[in-house]
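Letter 94 of the sequence shown, counting from 1, is numbered 107 in the numbering used here, and no numbers are missing. Even for Gly, the Cβ is constructed at its ideal location relative to N, Cα and C. The structure under discussion appears below in the form of structure tokens.
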Amino acid sequence: MKLLAALAVLVIPAVAPAQTDSISQLVARLDLERYKATIKSLTQFGDRRQGTDRNRAAVDWIEAQLRSYGCSNVARLKYDYQPPPPNPGARQNRDTTRASGGGRYRGLRARTGVNTDSLKQPDARVRALDAQPTTPGAREEVYCTKVGGGHPNEMYIVGGHMDGHGWAEAANDDGSGTALVMELARIFSAPDVHTDRSIRFVLWNNEETGLNGARAYVEQRQALQGKEDPPGSGQYPEPTWLGMIQHDMMLWDHGMPRADGTVSPEQRPEADVNIEFQSSAKFSAQAQQLAWVFEAANEKYATDYPASVGSHMTNTDSAPFQDVVAAISLRENERGTQIGAGWDPNWHQPTDLYTTYNDKDFRLGLNAAQTTLAAVAGLVGATIK
Ligand SMILES: [Zn+2]
14 MKLLAALAVL VIPAVAPAQT DSISQLVARL DLERYKATIK SLTQFGDRRQ GTDRNRAAVD
74 WIEAQLRSYG CSNVARLKYD YQPPPPNPGA RQNRDTTRAS GGGRYRGLRA RTGVNTDSLK
134 QPDARVRALD AQPTTPGARE EVYCTKVGGG HPNEMYIVGG HMDGHGWAEA ANDDGSGTAL
194 VMELARIFSA PDVHTDRSIR FVLWNNEETG LNGARAYVEQ RQALQGKEDP PGSGQYPEPT
254 WLGMIQHDMM LWDHGMPRAD GTVSPEQRPE ADVNIEFQSS AKFSAQAQQL AWVFEAANEK
314 YATDYPASVG SHMTNTDSAP FQDVVAAISL RENERGTQIG AGWDPNWHQP TDLYTTYNDK
374 DFRLGLNAAQ TTLAAVAGLV GATIK
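Here is the structure:
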């Protein structure tokens, strides 16, 4: 009971029976073929590496899609990215017995890393697409907002990162999370959908270089929260943050690597959506409570795959938010103990191509979309008119 009292800070509205019906209808508007088509479209820009023409073209394309969905107040956050000088000692000095995020490795582990060799990409078309190198300098990332009718001054942030690397198509990392966020932006922006609170959909840039796009957002916009601008206008350019939900690698849960380092080619029947909060964060208690709201939404609305909650959220765009607001991530596997132990052999590799995945993989991503859509719909009081 003591634990519950400590968690009471985050106000989770009860979902009324009439709203449950609206949530079911909204979840039914998600569609596997549409989700796949959005991922496929993102792969036309190759790996969308930050600081390249293909990355900028992808930001333009995403913006055009958000506008076509009718998502409001489409805007760009601008920042400057200068890569830090190389520091080869940092990796050598890392304790490799502990997973990043604080978890414990169990069982078999396989090698992980980032492919930087163009010749490891056997497809000449993809190699050509990814050929332009990155240059430091000005960066942009796009977001849009579903404005709440009752409390436009408060919002949940739903994010995924649109940049990738590794000489492939960044189909899973993070085309799968980007497409999920875009599909939710489309569904919530439909003219017959009403929400009491606001939702912001953000497609972060520069995640792969150290969460720089999300960090820039927190730096530039944290102090603007809840301010009406212009005064008396009823407009809130930065509604107060109620929670941040990140999506990063949604498709692949084929289990632990085998002793020879290979991974099963099939989605495991026990595949799940991993919802993580960070137990060392300032807002850990609130984030944990938010994670369980998502787990409950999965129980009720996700069609195929269950969800698991873990306490070691790490290495994604929710991290810059975790000491400011309740922040969670959704993934195919736990980032630290599983992806970090080689459970996803396509991670940052030339095999992260659209054609690598089948419907069982895409369906895991769709179930994550169902989970977030249902949870956020409940949190913002969504109804269909
Ligand atoms: Zn990622």
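- Under DSSP, residue 93 shares a beta bridge with 151.
- Residue 220 has its CB nearer than 7 Å to a heavy atom of ligand 1.
- Ordered by chain, the residues meeting the criterion of a beta-carbon within less than 5 Å of a non-hydrogen atom of ligand 1 are 186, 187 and 261.
- The region 335-343 and the region 292-304 touch, with three or more beta-carbon pairs separated by less than 8 Å.
- Shown here, residue 68 sits in a helix according to DSSP, grouped into three states.
- Counting every other CB atom within 10 Å of its CB across the protein chains shown gives residue 242 a total below 16, marking it as exposed.
- The C-beta separation of residue 311 from residue 384 comes to about 4 Å, placing the pair in contact by the 8 Å criterion.
- The DSSP-derived three-state label of residue 156 is strand.
- Per DSSP, reduced to three states, the secondary structure at residue 312 is helical.
- The continuous stretches of beta strand (DSSP E) do not include residue 232, which lies in the alpha helix (DSSP H) extending over residues 225-234.
- Distance from the CA of residue 362 to the CA of residue 127, rounded to the nearest whole angstrom, comes to 6 Å.
- Within the DSSP secondary-structure output, residue 214 pairs in a beta bridge with 157 and 171.
- DSSP, reduced to helix, strand and coil, places residue 254 within a strand of the structure shown.
- If the five residues before and after residue 122 are omitted, its C-beta is found closer than 6 Å to the C-beta atoms of 354 and 355, all from its own chain and listed in chain order.
- Around the CB of residue 270, 16 or more other CB atoms lie within 10 Å, so the residue is classed as buried.
- The DSSP assignment places complete beta strand (DSSP E) segments of no fewer than 3 residues inside the region 326-391 at 340-344, in order along the chain.
- Distance from residue 334 to residue 257 at the Cβ level is roughly 4 Å; contact confirmed, criterion being Cβ atoms closer than 8 Å.
- About 25 Å separates the CB atoms of residue 347 and residue 255; that is not less than 8 Å, and the two are not in contact.
- In summary, residue 159 is buried, with 16 or more beta-carbon neighbours lying within 10 Å of its beta-carbon over all protein chains present.
- Shown here for residue 78: same chain residues with a beta carbon closer than 7 Å to its own, the five before and five after excluded, namely 195 in chain order.
- DSSP places residue 287 in the strand class (E or B) of the three-state scheme.
- Residue pairing of residue 277 in beta bridges, as defined by DSSP: absent, with no partner found.
- Residue 280 and residue 373 do touch by the CB rule: their CB atoms are close to 4 Å apart, below 8 Å.
- Per the coordinates, the alpha-carbon of residue 199 lies some 13 Å from the alpha-carbon of residue 156.
- In terms of Cβ geometry, residue 175 and residue 218 form a close pair [threshold 8 Å].
- Residue 370 holds the alpha-carbon nearest to the alpha-carbon of residue 189 among 120, 370 and 211.
- Taking residue 129 as reference, the option from 95, 117 and 178 with the minimal CA-CA separation is 178.
- The alpha carbon of residue 387 has as its nearest neighbour, out of 329, 316, 345 and 352, the alpha carbon of 316.
- Burial check for residue 99: the Cβ neighbour count within 10 Å stays below 16, so the residue is exposed.
- For residue 323, the enclosing beta strand (DSSP E) covers residues 320-323.
- By the neighbour-count criterion, in which a residue is buried when 16 or more other Cβ atoms sit within 10 angstroms of its Cβ, residue 73 is exposed.
- Take residue 295, set aside five residues on each side of it, and the residues of its chain with a beta-carbon closer than 6 Å to its own are 336, in chain order.
- Around the beta carbon of residue 49, a 10 Å sphere encloses 16 or more other beta carbons of the protein chains shown; the residue is thus reported as buried.
- Per DSSP, the continuous alpha helix (DSSP H) segment holding residue 49 begins and ends at 45-55.
- In the displayed model, residue 293 falls within coil according to three-state DSSP, outside both helix and strand.
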